[in-house]
Amino acid sequence: MTAVLDPTCAARVSGADLEVPLVSGGTARYANFDYAASAPALAQVTDRVTELLPYYASVHRGAGYASRISTDCYEAARNSVSRFLNCDDDQVVVFTRNTTDALNLLASCVPGDTVVLDIEHHANFLPWLRRGRRVVPAADTVAETIRRVVAELCTKPAALLAVTGASNVTGEVLPLERLAAVAHECGARILVDAAQLAPHRRIDLRHSGIDYLAFSGHKLYAPFGAGVLVGRRDWLDAGQPYLAGGGAVREVRTDGVDWAPAPQRHEAGSPNVLGVAALAAACDALTELDERATEHERRLAIRLRDGLGGIAGVRFLRIWSDSADSVGIVTFTVDGLEPGRVAAYLSAEHGIGVRDGRFCAHPLLARLGVDGAIRASIGLGTTTADVDRLVDAVDVLVRRGPAWDYACVDGHWNPQPETRPRLTGQDAGGAAPCSF
16 MTAVLDPTCA ARVSGADLEV PLVSGGTARY ANFDYAASAP ALAQVTDRVT ELLPYYASVH
76 RGAGYASRIS TDCYEAARNS VSRFLNCDDD QVVVFTRNTT DALNLLASCV PGDTVVLDIE
136 HHANFLPWLR RGRRVVPAAD TVAETIRRVV AELCTKPAAL LAVTGASNVT GEVLPLERLA
196 AVAHECGARI LVDAAQLAPH RRIDLRHSGI DYLAFSGHKL YAPFGAGVLV GRRDWLDAGQ
256 PYLAGGGAVR EVRTDGVDWA PAPQRHEAGS PNVLGVAALA AACDALTELD ERATEHERRL
316 AIRLRDGLGG IAGVRFLRIW SDSADSVGIV TFTVDGLEPG RVAAYLSAEH GIGVRDGRFC
376 AHPLLARLGV DGAIRASIGL GTTTADVDRL VDAVDVLVRR GPAWDYACVD GHWNPQPETR
436 PRLTGQDAGG AAPCSF
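Mapped onto my numbering, the consecutive letters of the sequence shown carry residue numbers 16 to 451.
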């Protein structure tokens, strides 16, 4: 279902009217605050996939009508991504599985050292281990952090500066144009991990100075298994193919191979045609929404921070004291309560979905001095009522405690007893039963 239940939604998303069971009995409309992990599909995305599905076929070398339609749709998706990012003519769009896949692909092409900050998601930290990674500790301010990056790049040449566009832990946004200028002044290029930025901010590659950028469809309201790497052609044409196989070559002989140029060079095998079509539809929809999406999320994030900030014992995670911008991610702890227990309580007693843990950013959490936290992330389907429900639920927890008992089993907190049905086709007590 894609109904809009509240006029404060910025767009129609799947699951907007999903009812989930509560541990005390009955159901509640699901309040999704886990957009930073994966976002539900936009209505335009599901419509595009449904429209293409009857024509689905293998692309590029089929003579059949369905194959031609699928090929046209697949290649046209590059234009949608290019418009969404306002790409330069020199920048190539390579389809991948997700952001992690895209970053590993680029890591195989970089001709030198890569400089990273210690605040990165593991996807933008681990791939550079085998490529001469040099880690710069972030400072307490953005200004001092940039000075440290400059010092590192000027001390010893590097090929690439790899940075996050928006922190997946705190939502804070770095000044990317300034960092791009710094990298170029020192003879390096810049990569932006835009997994958390692309769904929430318009990015202008033509005027920002960003050389490479990666993001995932599943965070961009297109959860069908496709991602993208966009960047300058020369490294991608020169680098060894990340995955060897059919479609990535011009000619294969028994004594050698003539690899195709990018993007085909890095898209071996049968591609995820439906996932790429979904990604293109999301890019088209977000291009049309433009600043309306940003304003929607900004307003709700302020409301959420103000509401949680008035509750005793709630503490927000923050990297820099002078960061001026952030996307709709609000990460916090509650004094005396395990983050996993808080998350389990919100789900079981209130039908609210958040994420807890270390968010694949262990060095950053260690730097902030916490073992884990609760992350509430806002998206296009979030409503004012959702925000108020979350604030009220945390307030009730702090003032009265949970109404149910909870236990941690195998690292996961669960209500005791667990009365909610699982998705096994049984009657879900008002929640839509599922036969998965």
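We put the CB at the ideal spot given by N, CA and C, even for glycine.
Since this is a predicted model, take the numbers as computed values, not measurements.
Can you give, in chain order, each stretch of the alpha helix (DSSP H) that sits fully within the stretch 56-99 and has at least 4 residues?
Taking only runs of at least 4 residues, the alpha helix (DSSP H) segments lying wholly in the stretch 56-99 are 58-67.
Distance, Pro-278 Cα to Phe-110 Cα:
Cα to Cα, the separation comes out at about 8 Å.
Rounded to the nearest angstrom, what separates Ala-196 and Gly-224 at their Cα positions?
Distance between the alpha carbons of Ala-196 and Gly-224: 7 Å.
Assigned secondary structure, Asp-305 (DSSP; H/G/I helix, E/B strand, else coil)
Residue state, collapsed to three classes: coil.
Outcome for Lys-234 when other beta-carbon atoms lying within 10 angstroms are tallied against a minimum of 16
Result: buried.
Apply the 10 Å Cβ neighbour rule to Ser-39 and answer buried if 16 or more other Cβ atoms are within range, or exposed otherwise.
Within a 10 Å sphere around the beta-carbon of Ser-39 sit fewer than 16 other beta-carbons, which makes this residue exposed.
Report the option in Val-369, Asp-371, Gly-186 whose CA atom is closest to the CA atom of Ser-338.
Out of Val-369, Asp-371, Gly-186, Gly-186 has the C-alpha closest to the C-alpha of Ser-338.
Three-state secondary structure (DSSP) at Ile-344?
The answer is strand: DSSP assigns Ile-344 an E or B state.
My output table needs one value for Met-16: the three-state DSSP class, helix, strand or coil.
For Met-16, the pLDDT reaches just 36, beneath the cut-off of 50, and the residue's location in the model is therefore unreliable, although a value from the coordinates is still provided. In the structure shown, Met-16 sits in coil (DSSP, three-state: anything other than H, G, I, E or B).
Using DSSP bridges, identify the partner residues of Tyr-421.
DSSP lists Pro-430 as the beta-bridge partner residues of Tyr-421.
If we count Cβ pairs, one from each stretch, closer than 8 Å, do we get three or more for the stretch 159-171 versus the stretch 304-320?
Segments in contact, no.
Quick one: what does DSSP say Glu-187 is sitting in, helix, strand or coil?
In this structure, Glu-187 counts as strand in the three-state DSSP scheme.
If you count every other CB in all the chains shown that lies within 10 Å of the CB of Thr-269, and 16 or more means buried, which is it?
Thr-269 should be labelled exposed.
Ignoring anything shorter than 3 residues, give me the beta strand (DSSP E) runs that lie fully in the stretch 225-258, in order along the chain.
You should have 227-231, 242-247.
For Ala-181 and Pro-286, the rounded distance between their alpha carbons
Pro-286 and Ala-181: Cα-Cα distance of roughly 29 Å.
Within the chosen definition, does the stretch 76-92 reach the stretch 397-405 through at least 3 CB pairs nearer than 8 Å?
By the Cβ rule, the stretch 76-92 does not count as touching the stretch 397-405, because fewer than three pairs are nearer than 8 Å.
Between Asn-113 and the rest of its own chain, which residues show a CB-CB distance below 6 Å, the 5 nearest in sequence each way excluded?
Its chain contains Ser-231, Gly-242 as the residues whose beta carbon lies nearer than 6 Å to that of Asn-113, once the 5 sequence neighbours on both sides are disregarded; these appear in chain order.
Between which two residues does the alpha helix (DSSP H) harbouring Thr-15 extend?
Residue coverage of the chain in this structure runs from 16 to 451, which leaves residue 15 outside it and unanswerable.
Assigned secondary structure, Leu-379 (DSSP; H/G/I helix, E/B strand, else coil):
Helix at Leu-379.
Starting from Gly-271, follow its DSSP beta bridges and name the residues at the other end.
BP columns for Gly-271 point to Arg-268.
Buried or exposed: where does Ser-336 fall if 16 or more other Cβ atoms within 10 Å of its Cβ makes it buried?
It counts as exposed.
In whole angstroms, give me the CA-to-CA distance for Gly-240 and Arg-415.
Spanning the two alpha carbons is a distance of roughly 42 Å.
Between the stretch 125-133 and the stretch 95-108, do three or more beta carbon pairs fall short of 8 Å?
The stretch 125-133, when compared against the stretch 95-108, does not touch it at the 8 Å Cβ threshold.
Taking contact to mean at least 3 C-beta pairs separated by less than 8 Å, is the stretch 48-60 in contact with the stretch 423-430?
Using a Cβ-Cβ distance cut-off of 8 Å, the stretch 48-60 and the stretch 423-430 are not in contact, since fewer than three pairs of beta carbons, one from each stretch, lie closer than that value.
Exposed or buried, which one is Ala-253 when buried takes at least 16 other CB atoms within 10 Å?
Per the 10 Å Cβ criterion, exposed.
With distance defined between alpha-carbon atoms, name the residue in Ser-95, Asp-133, Asp-87 nearest to Leu-380.
If you compare the alpha carbons of Ser-95, Asp-133, Asp-87 with that of Leu-380, the shortest gap goes to Asp-133.
Tell whether a beta-carbon distance below 7 Å holds between Leu-176 and Ile-218.
Going by C-beta atoms, Leu-176 is not nearer than 7 Å to Ile-218.
Where the alpha helix (DSSP H) containing Ser-223 begins and where it ends
Segment 220-223, the alpha helix (DSSP H) holding Ser-223.
Using 8 Å for Cβ pairs, my map puts Gly-343 next to His-222. What's the rounded Cβ distance?
His-222 and Gly-343 do not touch by the CB rule: their CB atoms are close to 24 Å apart, not below 8 Å.
Inter-residue Cα distance where the pair is Ser-73 and Arg-265:
Going from the Cα of Ser-73 to the Cα of Arg-265 covers about 19 Å.
Euclidean distance between Cα positions of Leu-189 and Leu-228:
Their backbone Cα atoms lie some 14 Å apart in a straight line.
Can you give me the Cβ contacts of Asp-410 inside the same chain, cut-off strictly under 6 Å, excluding the 5 residues immediately before and after it?
Its chain contains Ile-326 as the residues whose beta carbon lies nearer than 6 Å to that of Asp-410, once the 5 sequence neighbours on both sides are disregarded; these appear in chain order.
With DSSP run on the structure shown, which of helix, strand or coil describes Arg-148?
In the displayed model, Arg-148 falls within a strand according to three-state DSSP.
Could you name the residues of the same chain whose beta carbon sits closer than 6 Å to that of Ala-446, not counting the 5 residues immediately before and after it, in chain order?
The pLDDT assigned to Ala-446 is 49, lower than 50, so where the model puts this residue is not dependable; a value taken from the coordinates is nonetheless given after this. Cβ neighbours of Ala-446 beyond the five flanking positions: Glu-34, Val-35, Pro-36, Thr-42.
Outcome for Arg-145 when other beta-carbon atoms lying within 10 angstroms are tallied against a minimum of 16:
Classification of Arg-145: exposed, given that the 10 Å Cβ count is below 16.
Could you give the distance in angstroms between the alpha-carbon of Leu-20 and the alpha-carbon of Arg-404?
At Leu-20, the pLDDT of 38 sits below 50, so the modelled position is not reliable and the matter cannot be decided from this model.
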